[in-house]
Amino acid sequence: MRRISLALTTVALIGTAALAAPAQAATAAPQRAAAAKPCNADNAAIYTDGTRLRTKASASSGVKGQLYFKDPIRILSKSGKWDYVQLKAKSRGGLPKGTRGYVAHANIIPPYCGGL
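Right, dumping it as structure tokens:
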């Protein structure tokens, strides 16, 4: 008798869960879409410690200062292997927020554009 009632209860629960799953999936999709940020160059950061922020897009140009891992930057433009960037916050190397200069593209963490 217990086995029959357990089996009926299990079937009832599975049937209810199967009916509820499509409704939950339908409401989850808009939430994921709303959570995803548009892809832009605002979400970039520095990849290596001691990255030089330069005055021109050249390894032989003057150095404004150094940037460190995870210093937040905004990519303003690209020129070959160099990116013209602006600091979004004071750098760990002491450069003030808003400082602009060139960084070798290999030293930048690309913008994060996806949701979870």
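Once you know that position 20 of the sequence shown is 19 in numbering that gives the first Met the number 0, the rest is easy, because the numbers rise by one and skip nothing.
Idealized CB from N, CA, C, for every residue including glycine.
Mapping DSSP to helix, strand and coil, what is residue i?
{"i": "D82", "result": "strand"}
{"i": "A105", "result": "helix"}
Any idea which residues DSSP pairs residue i with across the strands?
{"i": "R99", "result": "Q85"}
{"i": "A58", "result": "Paired residue(s): none; A58 is not in a bridge."}
Can you list, in chain order, the residues of its chain with a C-beta nearer than 8 Å to that of residue i? Leave out the 5 residues immediately preceding and following it.
{"i": "V84", "result": "A43, L52, I72, R73, I74, L75, R99, G100, Y101, V102, I107"}
{"i": "K125", "result": "There is simply no residue 125 to check, as the chain begins at 0 and stops at 115 in what is shown."}
{"i": "A24", "result": "A caution first: A24 carries a pLDDT of 46, below 50, which makes its placement in the model too unreliable to give a value."}
{"i": "T54", "result": "S60, G61, V62, K63, G100, Y101"}
For residue i, I'd like the list of residues in its chain whose CB is within less than 6 Å of its CB, leaving aside the five on either flank, ordered along the chain.
{"i": "G64", "result": "L52, G92, L94"}
Which same chain residues end up closer than 7 Å to residue i when comparing Cβ atoms and leaving out the 5 residues on each side of it in sequence?
{"i": "A28", "result": "Its pLDDT being 45, under 50, A28 is placed unreliably in this model, and the value from its coordinates should be taken loosely. Answer for A28: no residue qualifies."}
{"i": "T50", "result": "Q65, L66, V102, N106"}
{"i": "S78", "result": "A56"}
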